[in-house]
Each structure stands twice: as structure tokens, then as C-alpha cells.
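Student: Heads up: the sequence shown begins at 1354 in my numbering, then just goes up one per residue.
Glycine is no exception: its CB is placed at the ideal position from the N, C-alpha and C atoms.
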Amino acid sequence: MSVPVVVELSAQQTHPLRRAVLRFDTPTKEVVFAEDTWPGAVHLGLLVDDELVATSSWVPRQLDGDDSSLAVQLRGMATARSLQGSGFGGLLLEAGCERFAETGVRLVWARARDAALAFYLRHGFEAVGEGFLDAATQLPHHLVVRHLTLEQPAGEQQTGARRDGR
Ligand SMILES: CC(C)(COP(=O)(O)OP(=O)(O)OC[C@H]1O[C@@H](n2cnc3c(N)ncnc32)[C@H](O)[C@@H]1OP(=O)(O)O)[C@@H](O)C(=O)NCCC(=O)NCCS
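(1) Would ALA1364 be called buried (16 or more neighbouring beta carbons within 10 Å of its own) or exposed?
(2) Three-state secondary structure (DSSP) at PHE1478?
(3) From the DSSP secondary-structure annotation, give me the bridge partner or partners of HIS1495.
(4) Taking 8 Å as the cut-off, is the beta-carbon of SER1355 closer than that to any non-hydrogen atom of ligand 1?
(5) Can you list, in chain order, the residues of its chain whose CB lies under 6 Å from that of VAL1497, leaving out five sequence neighbours each side?
(6) How about SER1355 and ASP1403: are their beta carbons less than 9 Å apart?
(7) What does LEU1362 pair with, by DSSP beta-bridge criteria?
(8) Taking only three categories from DSSP, how would you classify GLU1383?
(9) Under 9 Å, do GLY1398 and LEU1362 count as touching if we go by C-beta distance?
(10) Among ASP1467, LEU1460 and GLN1491, whose alpha-carbon lies nearest the alpha-carbon of GLY1418?
(11) Tell whether a beta-carbon distance below 9 Å holds between LEU1405 and LEU1427.
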């Protein structure tokens, strides 16, 4: 197996994994997010042996009620179903946080599915407020936030991944 490589993707390139992982069992089958084309939105994927194994989308966006920090919303975290639990999602999450910490972003937030909450908590996020039912997916969610610092941008874990410019 080759060393995982973090790559920048177009929004369209995230659609197959979004569809297969995030939409296979939900009432909505929509894989296009309105925020995909917002200014500054970045889509990051993880390539292993030339195969796209995980995707994520990062959108510059303030968190409601917090205008103190430069913030990014993480959306569409998905690892190919047969490869979940292999560490790829963690690598991609840490690589994205490191990249945005370097650009001055101090807060990453997400609407996390409860099924994935442990994954976010393990990576330095905190759950904030009461749980809620997401309208599109009808799945229970929590808001999660992670504060980034330049000194420790990648949280407790190392990315272990190579980064490509594309
Ligand atoms: C949530 C998700 C993106 C995480 O990606 P992943 O590639 O499975 O993440 P990792 O493998 O890094 O970590 C997942 C778990 O596997 C464990 N793990 C990590 N490396 C591992 C390894 N080498 N071997 C076995 N298990 C491992 C971790 O401890 C982690 O456990 P946790 O859930 O208790 O935190 C992925 O599981 C997924 O796509 N889930 C379905 C869609 C979804 O819920 N997306 C999030 C929407 S908010």
C-alpha cells in the first residue's frame, strides 16, 4: 500500500464518495452542498494507491454566535465504507486542520453525526449544546468545535501523510 497522499479536489470529485458513504441510507440523495462553491471553499481528499479513499470539504464560515475567530466549517467527511476504521479519516482530518491552522484559521466546526461523534472527540473537537435532528438526513447530530493553534495545529496525532499541491 502506498503512503496516503492528501490532494485538493474539485467539488465534483467528492460526489461519488459522498453518494456512496453519506447518502446511501438517507432520505436525501443530494450530494451538492450550496457551500461547495463559496469563496475559499476547499475540497481535500486522500489518495491511496491512486484510489480516492476519503473526502472532506472545508468552507470559510463563522460559527453562529462566535465572530471572534477566523473559522472554517468542515462538511462531507467520508471514508470509503470498506476502509473505515483504518485511520484514513483521521489522517485527512488532521491534514485539513493543519493546513487551515497555517493560514490563520483558529476554529474548525462541524455538524457531526452522532454515529461519528467519537471520531471527532478523539481528534480534539468538543460537542457543544444539545443534540438535534438534521433536516436533510433525519439523523441525530451535535455541533462540534475544535480550536486550532499554530503551536499544536495537528492535535494529538501526526498526519503521517504526504501532501501534494494539486
Ligand atoms: C466518520 C468517518 C469519516 C471516519 O473516517 P475513518 O477513516 O473511519 O476514520 P479513522 O479510521 O481515522 O477512525 C475511525 C475509528 O477507527 C479507529 N481506527 C483508527 N485507525 C485505525 C486502525 N489503523 N485500525 C483500526 N481502527 C482504527 C479509530 O480509533 C476510530 O475510532 P472512533 O470512532 O472511536 O474514533 C468514517 O467512518 C465515515 O465515513 N463514516 C460514515 C459517514 C460519516 O458519518 N461521516 C461523518 C459525517 S459528520
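Tutor: Taking the definition as stated:
(1) buried
(2) coil
(3) ALA1465
(4) no
(5) ALA1463, ALA1465, TYR1473, PHE1478 and ALA1480
(6) yes
(7) HIS1396
(8) coil
(9) yes
(10) LEU1460
(11) no
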